[in-house]
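Asks: Here it is, the structure in full.
There are 2 protein chains.
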Amino acid sequence: MSSKNNPTRTRILKSARTLLESGNAGGVRMSDIAKAAKISRQALYLHFPSRAELLVATTRYLDEAHDIDKKLEKSRMAASGLERLTAWVETWGNYIPTIYGVSKALMAMKDTDKEAMAAWNDRMQAVRHGCAAAVAALKTDGALVDWLTEEEATDFLWTLLSVRNWEQLRFECNWTQERYVEAVEAIALQSLVRGR
Amino acid sequence: MSSKNNPTRTRILKSARTLLESGNAGGVRMSDIAKAAKISRQALYLHFPSRAELLVATTRYLDEAHDIDKKLEKSRMAASGLERLTAWVETWGNYIPTIYGVSKALMAMKDTDKEAMAAWNDRMQAVRHGCAAAVAALKTDGALVDWLTEEEATDFLWTLLSVRNWEQLRFECNWTQERYVEAVEAIALQSLVRGR
DNA sequence: TCGCTACTTTACACAGTGTAAAGTTGACAC
DNA sequence: GTGTCAACTTTACACTGTGTAAAGTAGCGA
Numbered sequence: 019m020s021s022k023n024n025p026t027r028t029r030i031l032k033s034a035r036t037l038l039e040s041g042n043a044g045g046v047r048m049s050d051i052a053k054a055a056k057i058s059r060q061a062l063y064l065h066f067p068s069r070a071e072l073l074v075a076t077t078r079y080l081d082e083a084h085d086i087d088k089k090l091e092k093s094r095m096a097a098s099g100l101e102r103l104t105a106w107v108e109t110w111g112n113y114i115p116t117i118y119g120v121s122k123a124l125m126a127m128k129d130t131d132k133e134a135m136a137a138w139n140d141r142m143q144a145v146r147h148g149c150a151a152a153v154a155a156l157k158t159d160g161a162l163v164d165w166l167t168e169e170e171a172t173d174f175l176w177t178l179l180s181v182r183n184w185e186q187l188r189f190e191c192n193w194t195q196e197r198y199v200e201a202v203e204a205i206a207l208q209s210l211v212r213g214r
Numbered sequence: 019m020s021s022k023n024n025p026t027r028t029r030i031l032k033s034a035r036t037l038l039e040s041g042n043a044g045g046v047r048m049s050d051i052a053k054a055a056k057i058s059r060q061a062l063y064l065h066f067p068s069r070a071e072l073l074v075a076t077t078r079y080l081d082e083a084h085d086i087d088k089k090l091e092k093s094r095m096a097a098s099g100l101e102r103l104t105a106w107v108e109t110w111g112n113y114i115p116t117i118y119g120v121s122k123a124l125m126a127m128k129d130t131d132k133e134a135m136a137a138w139n140d141r142m143q144a145v146r147h148g149c150a151a152a153v154a155a156l157k158t159d160g161a162l163v164d165w166l167t168e169e170e171a172t173d174f175l176w177t178l179l180s181v182r183n184w185e186q187l188r189f190e191c192n193w194t195q196e197r198y199v200e201a202v203e204a205i206a207l208q209s210l211v212r213g214r
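From first to last, the protein sequence lines are chains G and P. In terms of the working numbering, the first sequence opens at residue 19 and continues consecutively. In terms of the working numbering, the second sequence opens at residue 19 and continues consecutively.
And the structure:
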């Protein structure tokens, strides 16, 4: 099943992505994805050993499709720590909507499924690294507030930027995506940057 | 089954509470609760029609056991908006640990179960009211920042104080309960109170 | 024609929730 | 003592969704 560039595999991933993105959060089942990809449910298991691995593969597929690495590169090029923080908040904040569907499915699984848990943690650690880098740049500039340690500041930024928070503000509170980024940026600056 | 003050019913609720509190998040099944309450799994359904309703009843049981209303009363008595905000953050922030177990179970169900969803939303709206009251008091004092509307400020405070955020800071980031309350309080003040 | 690959089809194990119904036990009523 | 009622127990089964297993098929290249 020569993993990469397999047309059926790609079709499965596209179907999974579409279904997961289309908000139908509650239940995207293996059979739904199979139907969308126009193969039998069993054939799915020829390509992906479990639902968890299919979700993980879908996440990676999304990352590649959106060239997230390139976007992150940009935020790393910012001159000051302050610019780097805002660039990071914007980049990640605007990426959340694209991964939200898959993330939600993965989040729902992580309480029962070890594999899903590991995959989710892995993804979230990547986000944490982004936060840590921004905070470190702030610290280097001597712009980090003094009532939080560098690690605490990272913890807080990471929490502030969580998918759950985005979900709540965006859907429960009906904020627009623009307002979300704007407000979260402002709060991050106020909480983490000295003398604001 | 004469609902209130039924000894078996109470034993069930106590067992549910204990199991849910003891961190074993992943799966507290009906059969686990039955075993702990020393009755058959079927007898559980004589007292509660569904898992969701049992969880909801457990939440209410916890609220009564901790006399949450009395605690909220206290935060309502604060003189200034500022004091009211800190009182609210402390009250709710310190109540989260006690309801965390049940909340987690309810959160996990809300994606698939309508009843659980309704119950969860109901609970969260109550929390939101607490946030709204604190923000309103701030506004009355003319102490609310001007870059957020009253509603936006409520939305943000509500999101900041979410159980998920507490969970992440407390367990993923290993913050102590004291540090959590302290930091969240500081951030709330910085973000919502004018001229800080 | 062989044999391989990528499937389909059918069947079934398993977990957990919830339904259904028949049987047991103890208390209280008369 | 017998009847009856409530609060159970026990057994059995339907349903959903995941994952395993195995036999069958269609197309394609050597």
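Yeah, the Cβ is synthetic: ideal placement off N, Cα and C, and Gly gets one too.
Is it right to say residue 172 of chain G is buried, meaning 16 or more other beta carbons lie within 10 angstroms of its own, or is it exposed?
Replies: Label assigned to residue 172 of chain G: buried.
Asks: With DSSP run on the structure shown, which of helix, strand or coil describes residue 187 of chain P?
Replies: Three-state DSSP puts residue 187 of chain P in a helix.
Asks: Taking just the CA atoms, how far does residue 58 of chain G sit from residue 191 of chain P?
Replies: Their Cα atoms are separated by approximately 43 Å.
Asks: Grab me the residues of residue 10 of chain G's own chain with a C-beta within less than 7 Å of its C-beta, minus the 5 sequence neighbours each way, in chain order.
Replies: Given that chain G is displayed from residue 19 to residue 214, the structure contains no residue 10 of chain G and the question cannot be resolved.
Asks: Please determine if the stretch 169-188 of chain P and the stretch 172-183 of chain G are in contact, where contact requires at least 3 C-beta pairs separated by less than 8 Å.
Replies: These segments touch.
Asks: Please confirm if residue 208 of chain G has its CB atom under 8 Å from at least one CB of chain P.
Replies: Yes, residue 208 of chain G lies at the interface with chain P (some Cβ there is under 8 Å from its Cβ).
Asks: Since residue 183 of chain P meets chain G, which of its residues come closer than 9 Å, beta carbon to beta carbon?
Replies: Within 9 Å Cβ-Cβ: 177, 178, 180, 182, 183.
Asks: Per DSSP, which one or two residues make a beta bridge with residue 162 of chain P?
Replies: Answer is P:211.
Asks: Using the beta-carbon count (16 or more within 10 Å), is residue 27 of chain P buried or exposed?
Replies: Burial call: buried.
Asks: Quick check on the burial criterion: 16 or more other C-beta atoms within 10 angstroms. Buried or exposed for residue 76 of chain P?
Replies: Per the 10 Å Cβ criterion, buried.
Asks: Measure the alpha-carbon distance for residue 37 of chain G versus residue 164 of chain G and round it to whole angstroms.
Replies: Rounded to whole angstroms, residue 37 of chain G to residue 164 of chain G spans 46 Å at the Cα level.
Asks: Report buried or exposed for residue 147 of chain G, applying the criterion of at least 16 other Cβ atoms within 10 angstroms of its Cβ.
Replies: Exposed is the call here.
Asks: Just verifying my parser: in three-state terms, what is the DSSP assignment at residue 194 of chain G?
Replies: Residue state, collapsed to three classes: coil.
Asks: I need the DSSP call for residue 95 of chain P, collapsed to helix, strand or coil.
Replies: It is coil, neither helix nor strand.
Asks: Compare the C-beta of residue 130 of chain G with all C-beta atoms of chain P and state if any pair is closer than 8 Å.
Replies: With 8 Å as the cut-off, residue 130 of chain G counts as an interface residue toward chain P.
Asks: Quick check on the DSSP output: what are the complete alpha helix (DSSP H) runs of length 4 or more inside the stretch 31-97 of chain G, in order along the chain?
Replies: List check, alpha helix (DSSP H) in window: 48-55, 59-65, 69-83, 86-94.
Asks: With 8 Å set as the bound, which would you pick, yes or no: does the beta-carbon of residue 193 of chain P sit closer than that to a beta-carbon of chain G?
Replies: So, interface residue.
Asks: Assuming residue 212 of chain P contacts residue 154 of chain P (C-beta within less than 8 Å), just tell me the rounded distance between them.
Replies: Contact flag wrong, Cβ pair sits at about 15 Å.
Asks: With the cut-off set at 8 Å, would you say residue 51 of chain P and residue 64 of chain P are in Cβ contact?
Replies: No, the pair does not count as a contact, with Cβ atoms beyond the cut-off.
Asks: Reducing DSSP to helix, strand and coil, say where residue 172 of chain P ends up.
Replies: Helix, per DSSP.
Asks: Which whole-angstrom value is the C-beta distance of residue 199 of chain G and residue 108 of chain G, which I expect to be below 8 Å?
Replies: 6 Å between Cβ atoms; contact.
Asks: Can you tell which of P:81, P:48, P:53 has its C-alpha closest to the C-alpha of residue 66 of chain P?
Replies: Measuring from the Cα of residue 66 of chain P, the nearest candidate turns out to be P:48.
Asks: So residue 189 of chain G contacts chain P; which residues on that side make the cut at Cβ distance below 9 Å?
Replies: None at all; the shortest Cβ gap to chain P is about 11 Å.
Asks: Just the Cα atoms here: how many angstroms apart are residue 135 of chain P and residue 68 of chain P?
Replies: So the alpha carbons of these two residues sit roughly 14 Å apart.
Asks: Which residues in the same chain as residue 53 of chain G place their Cβ atom closer than 6 Å to its Cβ, once the five residues preceding and following it in sequence are excluded?
Replies: If we look at residue 53 of chain G and ignore the five residues flanking it on each side, it has no Cβ neighbours.
Asks: Does the CB of residue 199 of chain P have a neighbour CB from chain G at under 8 Å?
Replies: For residue 199 of chain P, the answer is no, since every Cβ of chain G falls outside 8 Å of its Cβ.
Asks: Anything in chain P within Cβ reach of residue 215 of chain G, meaning under 9 Å, just list it in chain order.
Replies: As displayed, chain G neither begins before 19 nor continues past 214, which places residue 215 of chain G out of reach and without an answer.
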